[in-house]
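Note sheet for the following structure.
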Amino acid sequence: MLPKSSASKCRHRRIPDAPRITAANAPSASLPLRFIVAGIVALAIAGGWLVAQPALVTQYHYGPDAVAFTHLVLPGFAASVVMGVLYQLTPVALEAKLHSERLAHWHWWLHVAGVAGMVWMFHRWDMKQLGHFGSVFGLGVVLFVYNMTRTLARVPRWTPVVFGIASAVGWLLVTMLVGLFLACVKCWPWLSPFAPLAQMHAHAHLGVLGIFIMLTVAVSYRIVPMFAISTMQSARRAWWSIALLNLGVAGLALTILFQSPWKLAAALVTIAGLALYGIELRAILRARTRAVLDWGMRSFLTGLGLLAPLSIVALVLCWPGLPTTSHTLQCENVYAVLAIFGVLWFAILGMLGKILPFFVWFHRYSDEIGRNKVPQLADMYSAKLQATGYWLHLAGLLGTAGAAASQLAPLATAGCALLAASVLTFTINAALILSHLRRGRTTTPDLPLHTAPAST
Amino acid sequence: MTTTAPTEADIWQTLRRIIDPELGCNIVDLGMIYHVALEHAHVRVTMTLTTPGCPMGDILTSAAESSLRAMPGIEDAEVRLVCEPRWTVARLSPAAREHLGVPADA
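If you're matching them up, the sequences are chains A and B in order.
My numbering puts the first residue of the first sequence at 6, with every later residue one more than the last.
My numbering puts the first residue of the second sequence at 698, with every later residue one more than the last.
Structure (structure tokens):
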């Protein structure tokens, strides 16, 4: 029997930041699932595209196919997944019921139609139609931002996690508006006094840094302690990391746009925010109870670790007076490969590897727990496949980054094939997890029902 | 037909059926149960979470409550979630320590 002395010290109140009505807050299973599946489909198409056109990682990045591919990966894969995760995570983990599920379903239709059209029109380089599909996507973003703003307004206590999510939602709106402006400028060039490449780079930084890295940082303050059994070690440090990141995003976008030498200062502010984040994350991990981290967590942490080399390349690229040579352009390609296939792809796939089983389990088995024997999260996918995918991904990243730096076509082909193979392993695992929604795997309990042997 | 009144040991055994799906270990061995009180056919349980605000919190408490209510001889069950004292690694049973790879002296 466990000691009861501790119980006498209990103050009988709920944990303040614990969800009170988790199940009631959760949206219907179809909502986040639609976004996540759309994201996985975009990822699978991106994998196929890499195999068909490995020159994507070596060619000049301001071409129709490179821009189309980037929009397939960022708004198509990354944004779909994070939007689905936020529609689920915010109500369940932050104790705030989603403002309108109906609006979110409308958002999905606009999002899918908008992204598909944008990618196709970038490929055809039809800027007029791009503007139309961009507007459809933009309308979806407006619905998302409105819905999330109303939802976040209900969160009882603001934490660095909420601050980060709210910041990313704000940057999403700005990125989308800048993107639409860029589409207009393509049709009416007199609208903008800025250099086309500077505008495009500012737009890309707003998206990658403001939305995706911001969200990765914010969400990790929540999920890393949860999955590693630890706690945030310094809320103050976490607040500062998000604040500096916000300052850095704004500074970088403006200094890139105006081609200002202050770009280096903005980059240093951003790196300071990321460094604080790294220190806090290290402290959280050092305080963890769980000794062994699974492949989902390893993938997520690998993505975060890749922020270090990405920051170094960023510092090189924003050095004042850096001449524009073929080497600079190769360095920009390495930067893009590290950011997209490295940081984002690893972090998002790792996060999905943890969140997707939880999400499916939550909707399929939460009512069965204690009554029937239900699978554990780790039973819902193949850990071996996950490990294989991780190593293929790492090898693919090295190959594509090496190809971007060296312009070697065979290396690009090999790197892209490895990345596509890692996507395939992830897709198979995702299918295994999602199959539980159609066919549950519960069994009648035979007492005693516990996986770890009982003691005490 | 007669029903034997459940004992406190039966309550603990029932709670062992509730497995944290992420950790793969039951909530008793995880040290999440602080207190069990059985008075006649009424059972009151006080429990905590390994991480404050864990999204599994309500699922685990609801599961514990419904499992206890389903026990023969139990008329009512109440499961309270508390934050004090905070859960620490010291509450893990030896079996849970082994399962999670936590050293015995941690």
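Every residue gets a Cβ at the ideal spot worked out from N, C-alpha and C, and that includes glycine.
Residue i to residue j span [Cα, whole Å]
{"i": "L252 (chain A)", "j": "A258 (chain A)", "result": "10 Å"}
{"i": "L185 (chain A)", "j": "Q204 (chain A)", "result": "12 Å"}
{"i": "E772 (chain B)", "j": "T758 (chain B)", "result": "17 Å"}
{"i": "I324 (chain A)", "j": "A200 (chain A)", "result": "Sequence check: residue 324 (chain A) is Trp here, not Ile. Computed Cα separation, rounded: 19 Å."}
{"i": "H441 (chain A)", "j": "S35 (chain A)", "result": "14 Å"}
{"i": "A12 (chain A)", "j": "G347 (chain A)", "result": "Summary for A12 (chain A): the model assigns pLDDT 37, below 50, so the residue's position carries little reliability, and this model does not support an answer."}
{"i": "D70 (chain A)", "j": "W366 (chain A)", "result": "38 Å"}
{"i": "C780 (chain B)", "j": "P752 (chain B)", "result": "15 Å"}
{"i": "Q710 (chain B)", "j": "H737 (chain B)", "result": "18 Å"}
{"i": "I438 (chain A)", "j": "L361 (chain A)", "result": "7 Å"}
{"i": "M126 (chain A)", "j": "Y67 (chain A)", "result": "15 Å"}
{"i": "A414 (chain A)", "j": "H398 (chain A)", "result": "19 Å"}
{"i": "P194 (chain A)", "j": "Q64 (chain A)", "result": "25 Å"}
{"i": "K102 (chain A)", "j": "V150 (chain A)", "result": "15 Å"}
{"i": "E100 (chain A)", "j": "E762 (chain B)", "result": "21 Å"}
{"i": "V321 (chain A)", "j": "R713 (chain B)", "result": "57 Å"}
{"i": "D802 (chain B)", "j": "P782 (chain B)", "result": "20 Å"}
{"i": "L249 (chain A)", "j": "G278 (chain A)", "result": "5 Å"}
{"i": "F431 (chain A)", "j": "A388 (chain A)", "result": "11 Å"}
{"i": "L354 (chain A)", "j": "Y731 (chain B)", "result": "37 Å"}
{"i": "I708 (chain B)", "j": "G754 (chain B)", "result": "19 Å"}
{"i": "S33 (chain A)", "j": "S371 (chain A)", "result": "14 Å"}
DSSP state of residue i mapped onto helix, strand, coil
{"i": "R19 (chain A)", "result": "The pLDDT assigned to R19 (chain A) is 39, lower than 50, so where the model puts this residue is not dependable; a value taken from the coordinates is nonetheless given after this. Three-state result, R19 (chain A): coil."}
{"i": "I771 (chain B)", "result": "coil"}
{"i": "L720 (chain B)", "result": "coil"}
{"i": "T743 (chain B)", "result": "strand"}
{"i": "C100 (chain A)", "result": "For the sequence presented, residue 100 (chain A) should be read as Glu rather than Cys. Coil."}
{"i": "R159 (chain A)", "result": "coil"}
{"i": "P800 (chain B)", "result": "coil"}
{"i": "I715 (chain B)", "result": "coil"}
{"i": "L424 (chain A)", "result": "helix"}
{"i": "R788 (chain B)", "result": "helix"}
{"i": "V318 (chain A)", "result": "helix"}
{"i": "R783 (chain B)", "result": "coil"}
{"i": "V86 (chain A)", "result": "helix"}
{"i": "L311 (chain A)", "result": "coil"}
{"i": "R777 (chain B)", "result": "strand"}
Segment limits, alpha helix (DSSP H) that includes residue i
{"i": "A272 (chain A)", "result": "K268 to R291"}
{"i": "A406 (chain A)", "result": "A388 to S411"}
{"i": "L187 (chain A)", "result": "P165 to C192"}
{"i": "I50 (chain A)", "result": "S35 to A57"}
{"i": "N338 (chain A)", "result": "S331 to V342"}
{"i": "I360 (chain A)", "result": "W350 to Y370"}
{"i": "Y65 (chain A)", "result": "Unbroken run through Y65 (chain A): none, as it is neither H nor E."}
{"i": "T230 (chain A)", "result": "The displayed chain sequence assigns Pro, not Thr, to residue 230 (chain A). Taken as a continuous stretch (DSSP letters only), the alpha helix (DSSP H) holding P230 (chain A) covers M219 to A233."}
{"i": "A71 (chain A)", "result": "P69 to H76"}
{"i": "L262 (chain A)", "result": "A240 to L262"}
{"i": "T758 (chain B)", "result": "G754 to R766"}
{"i": "V725 (chain B)", "result": "No alpha helix (DSSP H) holds V725 (chain B); DSSP gives it neither H nor E."}
{"i": "Q204 (chain A)", "result": "P201 to H210"}
Sequence-distant residues of its chain with Cβ nearer than 7 Å to residue i (five each side left out)
{"i": "T333 (chain A)", "result": "L327"}
{"i": "F82 (chain A)", "result": "G44, A47, L48 and A51"}
{"i": "A760 (chain B)", "result": "I715"}
{"i": "W176 (chain A)", "result": "L211, G215, I216, M219 and V254"}
{"i": "Y282 (chain A)", "result": "V222 and S246"}
{"i": "L343 (chain A)", "result": "L311, P314, L315, V318 and A406"}
Residue interval of the beta strand (DSSP E) (run including residue i)
{"i": "I730 (chain B)", "result": "I730 to E736"}
Cutoff 8 Å: residue i Cβ touching any chain D Cβ
{"i": "R714 (chain B)", "result": "Considering every chain present, this structure includes no chain D. Its protein chains are A and B."}
Proximal residues to residue i (C-beta, below 6 Å), its chain only, five neighbours per side dropped
{"i": "G52 (chain A)", "result": "A425 and V428"}
{"i": "F351 (chain A)", "result": "S304, T307 and G308"}
{"i": "P80 (chain A)", "result": "V120"}
{"i": "H796 (chain B)", "result": "C722"}
{"i": "R777 (chain B)", "result": "T743"}
{"i": "A400 (chain A)", "result": "L423"}
{"i": "S105 (chain A)", "result": "N152"}
{"i": "T260 (chain A)", "result": "W267, K268 and A271"}
{"i": "A793 (chain B)", "result": "C722, D726 and L727"}
Sequence-distant residues of the same chain with beta carbon closer than 8 Å to residue i, five excluded per side
{"i": "L452 (chain A)", "result": "Low confidence applies here, because L452 (chain A) scores a pLDDT of 48, under 50, leaving its location unreliable and the question unanswered by this model."}
Residue i CB to nearest heavy atom of the ligand MN below 7 Å
{"i": "G401 (chain A)", "result": "Questions concerning the ligand MN fall outside what the structure shown contains, since it holds no ligand whatsoever."}
contact_flag[the stretch 375-388 of chain A, the stretch 712-724 of chain B] where n(CB pairs < 8 Å) is 3 or more: Contact holds between the stretch 375-388 of chain A and the stretch 712-724 of chain B, because three or more Cβ pairs, one in each stretch, are under 8 Å apart.
The stretch 81-97 of chain A in contact with the stretch 213-223 of chain A per 3-pair CB rule at 8 Å: Enough Cβ pairs lie closer than 8 Å, so yes.
The stretch 160-168 of chain A touching the stretch 124-144 of chain A, judged by at least three CB pairs closer than 8 Å: Cβ pair count under 8 Å is below three, so no.
The stretch 401-418 of chain A / the stretch 740-752 of chain B touching (three or more Cβ pairs under 8 Å): Taking a contact to require three or more Cβ pairs closer than 8 Å, the stretch 401-418 of chain A and the stretch 740-752 of chain B do not qualify as touching.
Three or more C-beta pairs below 8 Å linking the stretch 288-303 of chain A and the stretch 260-280 of chain A: Contact check between the stretch 288-303 of chain A and the stretch 260-280 of chain A: fewer than three CB pairs, one atom from each, fall below 8 Å, which does not count as touching.
The stretch 334-344 of chain A contacting the stretch 409-424 of chain A, beta-carbon criterion three pairs below 8 Å: They touch, by the three-pair rule.
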